[in-house]
Amino acid sequence: MNIKGTILILCLILLLLSTGRILASPTYPNILSNINQEVIMSDLKPLSSQELQTVLRQLDGWTQKDGKLHRQFEFKSFVEAFGFMSSVALVAESMGHHPEWFNVYNRVIIDLTTHDAGGITNKDVELAKKAGELARR
């Protein structure tokens, strides 16, 4: 790794520490430990329309848009939005499930679908729940 790469990584670590969103947060390990490993390891199939409607009633702020779970989060600043994205990224990586997302200043838009299954699965629901928990911190 060259010096620019090293400096970039150090700046990222400092930014994440300064937000208090991850790494320095004592609650972060709990987010990872509470992931439903059964959902992650199961044979995933798309939720039925009825199952999806039930799930949407339980997921605060989430809707279905273009066949995906969809939500917009808003934070006080870009740094908070970026910290949130970094936290979700670590959870997503631990699940082996990665969101489609978009960030402008203090807004983060997340769309979730399981491409391999061809629709919204319990894996998407689990990541949506974790994103909601992280946004409330």
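Letter by letter, the sequence shown follows residues 1 to 137 of the UniProt record's numbering. Just so it is clear, CB atoms sit at the ideal spot from N, CA and C, and this is done for glycine as well. Keep in mind the model is a prediction, meaning the values are calculated, not measured.
F78 carries a helical assignment under DSSP once its states are collapsed to helix, strand and coil. Per the DSSP secondary-structure output, V108 pairs in a beta bridge with F73 and N103. If you check the CB distance, L69 and I120 come in under 7 Å.
When the alpha-carbon of K129 is set against those of N106, P99 and D116, the nearest one is in P99.
Distances from the CA of F73 to each of D66, G83 and G67 were compared; the closest alpha carbon is that of G83. Secondary structure note for T121: it is in no alpha helix (DSSP H), with a DSSP letter that is neither H nor E. Counting the other Cβ atoms within 10 Å of the Cβ of T114 gives 16 or more, which makes it buried. Note on geometry: alpha-carbon atoms of R137 and Q50 lie some 31 Å from one another. Counting only residues of its own chain and dropping the five nearest sequence neighbours on each side, L44 has a CB closer than 7 Å to the CB of T114, A117, T121, N122 and K123.
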